Amino acid sequence: MAHAPSARTTLLVGLGLLGLALSGFVFWQMNRKLAPPPDSPKKSGFVECARESGIDFQMAFLPGEQGENFKINLYDHGSGVAVADYDGDGHEDIYLVNQLGANGLYRNKGDGTFENVTRKAGVGLGDRVCVAAVFADYDNDGHQDLFVTSTRGGNVLFHNNGEGTFTEVTKKAGVEQVGHAQTAVFFDYDNDGFLDLFVTYTAQWTLNRKDDSSRYYPGPVTLWELANSPREYNMLYHNNGDGTFTNVTEKAGVQGKGWGGDVAVFDYNDDGYLDLFVTNMFGASQLFRNNKDGTFTNVTTNILGRTSFGAIGSKAFDFNNDGKLDLIIADMHSDMWLPFEFNPADFPRDALHMKYKTTQGMGYDRAPNGKELEQRFLDTLRFKHDEVLFGNTLYKKLPSGKFEEVSDKANLETWWPWGVATGDFDNDGYEDVFIPTGMGYPYAYWPNVLMMNNGNETFTDRAAELGIEPPPDGRYLPNPIGGKQAARSSRCAAVADFDGDGRLDLIVNNFNDRAFYFHNQFPARNYLSFQLTGTKCNRDAIGALVRIFMGKEVMVRQVHAAGGYLSQSSKIVHFGLGDRSRVDRVEIHWPGWPADKYETITNPTLNTLHRRTEPSR
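Following our numbering, the residues of the sequence shown are numbered contiguously, the last one being 620.
#1: Identify whether Asn305 lies in helix, strand or coil by the three-state DSSP scheme.
#2: Compute the Euclidean distance between the alpha carbons of Asn513 and Ala496, then round it to the nearest angstrom.
#3: Roughly how many whole angstroms lie between the Cα atoms of Ala490 and Ile471?
#4: Taking the CB atoms as reference points, tell me whether Phe60 and Ala466 lie closer together than 8 Å.
#5: Quick one: is Asn606 buried, meaning 16 or more other Cβ sit within 10 Å of its Cβ, or exposed?
#6: In this structure, does DSSP put Asp427 in helix, strand or coil?
#7: On a CA-only basis, which of Ala413, Leu453, Asp382, Leu307 is nearest Leu392? Give me that one, please.
#8: How many angstroms separate the CA atom of Phe190 from the CA atom of Leu103?
#9: Determine the direct distance from the alpha carbon of Glu602 to that of Trp419, and round the result to whole angstroms.
#10: Would you call Gly546 buried or exposed, if buried means 16 or more other Cβ atoms sit within 10 Å of its Cβ?
#11: Would you give the residue range spanned by the alpha helix (DSSP H) that Ser56 belongs to?
#12: To which residues of the same chain is Asp90 closer than 8 Å at the C-beta, ignoring the five residues directly before and after it?
#13: Are Ser440 and Val452 closer than 8 Å when you measure CB to CB?
#14: Check whether the stretch 531 to 548 and the stretch 381 to 391 touch, using three or more Cβ-Cβ pairs below 8 Å as the test.
#15: Roughly how many whole angstroms lie between the Cα atoms of Phe150 and Arg550?
#16: With DSSP as the reference, please indicate the residues paired to Ile332 in a beta bridge.
#17: Determine whether the beta carbon atoms of Gln258 and Tyr240 lie at a separation below 8 Å.
#18: Report the three-state DSSP secondary structure of Thr247 (helix, strand or coil).
#19: Counting C-beta neighbours from all protein chains within 10 Å, is the total for Gly1 16 or more, i.e. buried, or is it exposed?
#20: Checking the sheet assignment: what are the DSSP bridge partners for Lys487?
#21: With respect to the alpha helix (DSSP H) encompassing Phe380, which residues constitute its N-terminal and C-terminal limits?
#22: From which residue to which residue does the alpha helix (DSSP H) around Arg352 run?
#23: If we ignore side chains and look at the alpha-carbon of each, how far apart do Thr616 and Pro594 end up?
#24: Quick one: is Phe299 near chain C, going by C-beta distance under 8 Å?
#25: Taking Asp88 as the reference, give the member of Ser573, Asn610, Gly581 with the closest Cα.
#26: Take the Cβ of Thr608 as the centre, count every other Cβ of all protein chains shown within 10 Å, and call the residue buried at 16 or more, exposed below.
#27: Report yes if the CB atom of Lys525 is closer than 8 Å to the CB atom of Asn456, and no otherwise.
#28: Write down the C-beta distance between Glu171 and Val181 rounded to the nearest angstrom, noting that I regard them as a contact closer than 8 Å.
#29: Name the one or two DSSP bridge partners that Tyr219 has.
#30: Unbroken alpha helix (DSSP H) runs of length 4 or more, entirely within the stretch 246 to 284: which are they?
#31: If you drop the 5 nearest sequence neighbours on each side, which residues of the same chain put their C-beta closer than 7 Å to that of Ala413?
#32: What does Thr1 pair with, by DSSP beta-bridge criteria?
#33: Among residues of its own chain, excluding the 5 on either side of Ile604, which ones have a beta-carbon nearer than 6 Å to its beta-carbon?
#34: Does the distance from the C-beta atom of Leu128 to that of Val120 stay below 8 Å?
#35: Please list, in chain order, all residues of the same chain as Asn610 whose beta carbon is under 7 Å from its beta carbon, the five residues on each side excluded.
#36: So, does the stretch 548 to 565 touch the stretch 282 to 302, judging by three or more C-beta pairs under 8 Å?
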């Protein structure tokens, strides 16, 4: 969330000026534009080739909210991206979400290029502000359906007709809701074989007057207006197995605290039932344990401890190859003390890459009326010091079942992060992390982050070395805003092997900018991947765990529902193997199976996508 020039006297900006506007810091220089890097097809890493591949999508923001009349509201969070094989041809397709104008569905032609089939498919939705999307086969008919969330325009469920088109069935399915929605995920919380639907909501932060020309509701101007918005709460819909859903939120106990953002669905306690982690944009996030009876219990404090105060994206993944799923959270809102006219690059690294245990890091202790302002901040957003940390967090799963926060040890504290996309990009056997980053106009440019896993529980940012930075067309948008150059910035990213070469690519939805498609051209190394199809469990096998064993080494991957922030990556699980030339065995734990029962595959063929159908239990 960003600050407007008129809001310098509001809490965070004013306190940031007091705390960090020290003499010697220089003002933001916006008159430089870097030339795009030369074409280097043999260079290891990524090459951006959206245009060449036929992906011409342009996310458009709302000029009245985030242009020259810059406001403090959630319209600056942008829109998401979802990946799935919607037409069943064996190639992963891309759906990109928009605020102003139509969303875009790009069909993978299987030859390294894509075609825009939005109009033919009937999923453009150019009549509302869209936020996120997720594909899932909610009726187990073998076709990927599509759910799209919206800011006060109404969420939409599209049923896949199986011949390249979709039919809108929102009201018929019983999931009609108008609010300030964020992320949606399909997962089977009761193991009945049908995917249920969970949707996060923030608050009633828009004003009650509609801009008829642009078909949206304007947002507030100041931080305090935003913070005092009446809260909205998450919704859980149970799949009835007949194409309809029932709202069971109250019974399940997963309403949350409001200001819900992203969701990580994973079985943190290995009891065979999927649990929910929900980020909170202003306060403590929540880990909900599945009680296996249709209800959930908040176990955050006991299992995780403090969570990121300004959490946006989250992802469950195994960062240290111990066979257990860990959890990463990106914290954007804790980084919002920097005044818009300052360039983060001019600040000492320690001022940006650190976290605090109290609000003193946001400048309260240096303000004349700091205690009063701090108490107002706590009371308005309804959180306590001992519930939160100010910065990114990485939770390492311990043998005890609890988690240890190790983000600083792992070097995962970053600046202005939004989403989280994970995958073993260089196929060395360790999962890496891509973090879409930056604010855009009127702030300075700040680069995306590519945290490559060093294999020793630490990460190193290699975005500049590996083709992610700088952006291919320079750091600034081609058209100025308010007579000034406007910095590029990214919001959401998804991971998939789009060309089937055994290497994971990235699709990135950028704020008020064209999308990026980073094609993976790391040197080929051994890999192993699995596409799972359920029979007794949900057909997408969401929640399935795949473990591979090589001597004493074990790796685990999950079939994810969605996650990372307004994003959905491929449901194909991928293992980079590096120089490992043999996998002893594979264990697949299918959803709904007893916690101690697995399908076992011995000595699987490497460098292959294995398509597996759930066997009899």
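Cβ coordinates follow ideal geometry from the N, Cα and C atoms, glycine included. From a predicted model like this one, the values you see are computed outputs, not experimental measurements.
Working from what's here:
#1: helix
#2: 9 Å
#3: About 16 Å.
#4: no
#5: Exposed is the call here.
#6: It is coil, neither helix nor strand.
#7: Leu307
#8: Each residue's Cα considered, the two are about 30 Å apart.
#9: 42 Å
#10: buried
#11: 53 to 56
#12: Asp96, Arg110, Gly167
#13: Checking the sequence, you will find Thr at residue 440 rather than Ser. A contact, by the Cβ cut-off of 8 Å.
#14: no
#15: Rounded to whole angstroms, the separation of the alpha carbons of Arg550 and Phe150 is 30 Å.
#16: Ser317, Thr396
#17: no
#18: coil
#19: Outside the displayed span of the chain (4 to 620) sits residue 1, for which this structure offers no information.
#20: Assignment of beta-bridge partners to Lys487 by DSSP yields Ile484.
#21: 373 to 384
#22: 352 to 355
#23: 12 Å
#24: Of the protein chains in this structure there is only one, and it is not chain C.
#25: Ser573
#26: exposed
#27: Note that residue 525 corresponds to Phe in the displayed sequence, not to Lys. No, these two residues do not count as a Cβ contact at 8 Å.
#28: The C-beta distance from Glu171 to Val181 rounds to 15 Å, too long to meet the 8 Å contact threshold.
#29: Asp214
#30: 252 to 255
#31: Excluding positions up to five away in sequence, the list reads Leu397, Glu460, Thr461, Phe462.
#32: The question about residue 1 has no answer, for the chain in this structure spans 4 to 620.
#33: Val589
#34: no
#35: Within the same chain, Cβ atoms closer than 7 Å to the Cβ of Asn610 are found at Gly505, Asn529, Tyr530, the five residues on either side in sequence being excluded.
#36: no
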